[in-house]
Each structure stands twice: as structure tokens, then as C-alpha cells.
Amino acid sequence: MQPIHFEESVVSILKRDQRYDGQAYFFLKEALDFTLKRFTEETSGRNRHVSGKELLEGFRDFGLQQYGPMAATLMEEWGVRQSRDVGNMVFRLIEEQVFGKQDSDKPEDFEGLFDLDEALRAPFLPTRVGVHAGV
Numbered sequence: 018m019q020p021i022h023f024e025e026s027v028v029s030i031l032k033r034d035q036r037y038d039g040q041a042y043f044f045l046k047e048a049l050d051f052t053l054k055r056f057t058e059e060t061s062g063r064n065r066h067v068s069g070k071e072l073l074e075g076f077r078d079f080g081l082q083q084y085g086p087m088a089a090t091l092m093e094e095w096g097v098r099q100s101r102d103v104g105n106m107v108f109r110l111i112e113e114q115v116f117g118k119q120d121s122d123k124p125e126d127f128e129g130l131f132d133l134d135e136a137l138r139a140p141f142l143p144t145r146v147g148v149h150a151g152v
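Okay, so the sequence shown: first residue is 18 according to the working numbering, each after it adds one.
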């Protein structure tokens, strides 16, 4: 995938659908690369299809790695508030023929897997330790 083609595809998408900031699409592409690299390492270099669940987990993990406690705030600013938002972006990129898909892939693959906002915030929330009744 050529960088210019990707940029042109994002511009084309944004002309039709402005729910998500353009930077969210670039982040999604990087998250896919991150996820593919993870699986390539686990499968001794063999490429394979990434499921919606796997991509969503990679999206979350890459966000945490890249932006730490600011990941949830940044995603919210970009309009990516729920896991289905990631699926919506994926399918816009599929329509642009930037991402590929299998016949079994569908937008619903990204729904209800986990709360994206919570998943990006939870690792940074304080935990309550040693709370005793009456103290």
C-alpha cells in the first residue's frame, strides 16, 4: 500500500463521512501494522488474516503503547469512542480498497467485544488497596 494512495483514500472518505478525524485513520493503519507484526512474530513469519477482534485488541494495545494515559482522550477527540467506531473506519478503508477482507468479515465483528474507552483508561486508574471497614 503506497502512502499517497492511503492519504488520497482518507481524503475521499472524509468527503463522505466526517465522523472520525483523519488522524484516526492513520492511527488505525499503524495499529494494523502493529497487529500484523505481532502475529507474524508468533507464527514464525507467516502472514495471516487478522480478525476484527484481533485488530481491535491490537488497536487498544498500540494506543496504550503510543499514548499511555492520553490514549482515551485522544481517541475521543478523534471521534473513536466505541469499538464499533474502529469497525466503521475499517470498512470505510475496505470500500476504498486499502484494506482487504474475507467474505466472513463484517462490521458486527467489532461490536460488543469490550468498552474501548474503559480499556484505554483502566490501566491508569488508581487501585484501592487496604481499605478497611470503619477506617
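Beta carbons: idealized from backbone N, C-alpha and C, even for Gly.
Is Ser68 helix, strand or coil by DSSP?
Here residue 68 refers to the residue found at position 51 of the sequence shown. Under the three-state reduction of DSSP, Ser68 is assigned to coil, being neither helix nor strand.
Quick check on the DSSP output: the alpha helix (DSSP H) that includes Gly104 runs from which residue to which?
Counting from 1 along the sequence shown, the entry for residue 104 is found at position 87. Run containing Gly104: Ser100 to Glu112, per the alpha helix (DSSP H) assignment.
When you compare only the Cα positions, how much space is there between Glu112 and Gly85?
Walking along the sequence shown from the start, residue 112 turns up at place 95. Walking along the sequence shown from the start, residue 85 turns up at place 68. Each residue's Cα considered, the two are about 31 Å apart.
What's the call for Glu153, buried or exposed, on a 16-neighbour Cβ count within 10 Å?
Since the displayed the chain opens at 18 and closes at 152, residue 153 lies outside it and no answer follows.
I need the DSSP call for Val152, collapsed to helix, strand or coil.
Numbered from 1 along the sequence shown, position 135 holds the residue referred to as residue 152. Low per-residue confidence applies at Val152: pLDDT is 48, beneath 50, and the placement is therefore not dependable, though the value from the model is reported in the following sentence. Coil at Val152, not helix or strand.
Tell me the rounded alpha-carbon separation between Asp102 and His22.
Residue numbering aside, residue 102 sits at position 85 when the sequence shown is read from its first letter. Residue numbering aside, residue 22 sits at position 5 when the sequence shown is read from its first letter. Cα to Cα, Asp102 sits roughly 22 Å from His22.
Taking the straight line between their C-alpha atoms, what separation do you get for Val28 and Gly39?
As a position in the sequence shown, residue 28 is number 11, starting the count at 1. As a position in the sequence shown, residue 39 is number 22, starting the count at 1. One C-alpha to the other measures close to 8 Å.
Report the rounded CA-to-CA distance for Met18 versus Arg145, giving the unit in angstroms.
Within the sequence shown, the letter at position 1 stands for residue 18. Within the sequence shown, the letter at position 128 stands for residue 145. Its pLDDT being 48, under 50, Met18 is placed unreliably in this model, and the coordinates cannot settle the point.
So Glu58 is in the alpha helix (DSSP H); what residue range does that whole segment cover?
In the sequence shown, counting from the first residue as 1, residue 58 sits at position 41. Gly39 to Glu59 is the span of the alpha helix (DSSP H), which, as asked, contains Glu58.
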